[in-house]
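There are 2 protein chains.
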Amino acid sequence: MTASVRRRLPPAERREEILAAATELIAVSGFNGVSLGEFAAACGMTKAGLLHHFPSKEHVLVGVLERRDELDVAAVMGDADPAPDAETARAALTRLVHRNLGQQSVVKLYTVLSAEALDPAHPAHDYFRRRLRTSRDRLERQLFAWHPRPGEAAVELLAFLDGLQLNWLRDPEIDFEAHWESFADRFFAQD
Amino acid sequence: MTASVRRRLPPAERREEILAAATELIAVSGFNGVSLGEFAAACGMTKAGLLHHFPSKEHVLVGVLERRDELDVAAVMGDADPAPDAETARAALTRLVHRNLGQQSVVKLYTVLSAEALDPAHPAHDYFRRRLRTSRDRLERQLFAWHPRPGEAAVELLAFLDGLQLNWLRDPEIDFEAHWESFADRFFAQD
DNA sequence: TGCGTTATCTACCACTTGGTAGGTAAGATA
DNA sequence: TATCTTACCTACCAAGTGGTAGATAACGCA
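Protein chains in written order, with my numbering: chain A, 79 to 269; chain B, 79 to 269.
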């Protein structure tokens, strides 16, 4: 735990660097599978130096999740108040698919972490419960005018996307986009 | 790490007790999230006593996975050589769904562990890669006579089931069976 | 140039981890 | 009852954990 040269950064910049590194590491090994020291080493600093910016390991996790949320929701859902129809919903989900294709490590982060966080004792447990509910609600509202049981439809759409992501991570050969289109064709063809 | 009364069991029985306990614990917290001491305590014994039966923590994990496999594949896939048609495939998957509904903790084990094992350094990484491939192949063969692209179909079926399981674990209110039937109706209605 | 702030460091702590060494006691066989 | 095997224990270890205390050095500003 020794740093050869001391590199001093403005706090905002350093925080960003730490969160980016932590995101990668947690995506690979999960939160339980990685240590504060590894977060720090990935930024070329020491554990103690890192703890100056985040008072505990858990705070790093919270930071990572908040950072993703800022970008994610905005980027995909676009409009504050989208038209509540099937076309719009499908288009939004397709944007999500494309976006995810380009950032495998983020997908991995959410996948690994959300499984780990099934444990009620996990620090991100509540975060993922909230997140699931809100994205389901948002999707349900968009499907409301079209599908007879929009709640059920939302569950099935999200389940398929989650499962496809998981399988894509296990085997990156899988053609994510093609499978999504295939599923969506069937799904949105219903009366 | 003190045991009040010493309970001596025949090895087979003790191994079974340990694996059952470890299965539950890993299902809740993942392999990285639980310790040898906890495995042992759950059986009313010490770490050292447990290590007499399994020479390392990793051996416990292997034991847990092998134990599941013995039961699982046999129970669901039934015939050694099932008819390669869509009806048979759907029936087999429906049996799988029913079986899983009755053993949430096993589903949780596979879900949590297979996400954790995306990390190539995880001791169960190779196990899950093999497992994914074989179950996909088996399903693909069953869909061969019916679907124009049985490989793709197998991916989509398994992805949906994985995703639905994940969401069901996050929110047990979800009606697993109904969603499966709904998906299967659309899926198997294709030409 | 000197000074205060603070980002970062070294050194340490209490605790937990997976694992080992060697002793103890339960049960089967004689 | 005496003996052997072995399931299980106590006691320990080295390494790693998250986190703290206090020293040090880089930068902004007078």
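A virtual CB, placed ideally from N, CA and C, is assigned to each residue, including glycine.
Buried or exposed by the 16-neighbour rule on C-beta atoms within 10 Å, applied to residue i
i      : result
B:P198 : exposed
A:A193 : buried
A:H176 : exposed
B:P88  : exposed
A:E259 : exposed
B:E218 : buried
B:V83  : exposed
A:H137 : exposed
A:P250 : exposed
B:A167 : buried
B:A267 : exposed
B:L187 : buried
A:L149 : exposed
A:A161 : exposed
Beta-carbon contacts of residue i that lie in its chain and below 7 Å, excluding the five residues immediately before and after
i      : result
B:A120 : A99 and L103
B:V143 : Before going further, note that residue 143 of chain B is Leu rather than Val in the sequence given. These residues qualify, in order along the chain: A202 and Y205.
B:A231 : L221 and H225
Nearest candidate by alpha-carbon position, reference residue i, set the options
i      : options                           : result
A:T101 : A:P89, A:R85 and A:A118           : A:A118
B:D159 : B:F266, B:G229, B:H257 and B:Q220 : B:Q220
A:L128 : A:R86, A:E148, A:R173 and A:R214  : A:R86
A:R93  : A:T124, A:H131, A:Q268 and A:V106 : A:H131
B:F265 : B:W224, B:L247 and B:R248         : B:W224
A:G141 : A:G115, A:T124 and A:L97          : A:L97
A:N110 : B:H200, B:Q182 and B:N178         : B:H200
A:P228 : A:G180, A:R209 and A:A164         : A:A164
B:A105 : B:V184, B:G122, B:R208 and B:R146 : B:V184
B:D147 : B:F261, B:R248, B:R209 and B:P162 : B:R209
Cβ-based neighbour list, residue i, same chain, cut-off 8 Å, excluding 5 preceding and 5 following
i      : result
A:V233 : R214
B:L114 : K125, L128, L129, K135 and V138
A:L239 : L171, L174, V175 and W258
A:E255 : V175, H176 and L179
A:I252 : L242, N245 and W246
heavy atom of the ligand HEM below 7 Å from residue i C-beta
i      : result
A:I252 : Absence of the ligand HEM from the depicted structure is noted, as is the absence of any ligand whatsoever, leaving it without description.
Residue i - containing alpha helix (DSSP H), residue span
i      : result
A:R219 : H203 to L221
B:L103 : P89 to S107
A:N178 : A164 to L179
B:G111 : Neither: B:G111 is in no alpha helix (DSSP H) and is coded neither H nor E.
A:T189 : Q182 to E194
B:D240 : P228 to R248
B:W258 : F254 to A267
B:A126 : K125 to L129
Own chain partners of residue i with C-beta closer than 6 Å, once the 5 adjacent residues on each side are dropped
i      : result
A:G108 : V190 and E194
| said: Please list, in chain order, the residues of the segment 234-259 of chain B that have any C-beta partner in chain A closer than 9 Å. | reply: E234, L236, A237, F238, L239, D240, G241, L242, Q243, L244, N245, W246, L247, R248, D249, I252, D253, A256 and H257
| field | Interfacial residues, the segment 106-118 of chain A to chain B, with Cβ spacing under 8 Å | value | V106, S107, G108, N110 and G111
| Can you list, in chain order, the residues of the segment 180-192 of chain A whose Cβ is nearer than 7 Å to any Cβ on chain B? | K186, T189 and V190
| What are the residues of the segment 209-220 of chain A that lie near chain B, defined by any Cβ-Cβ distance shorter than 9 Å? | L210, R211 and R214
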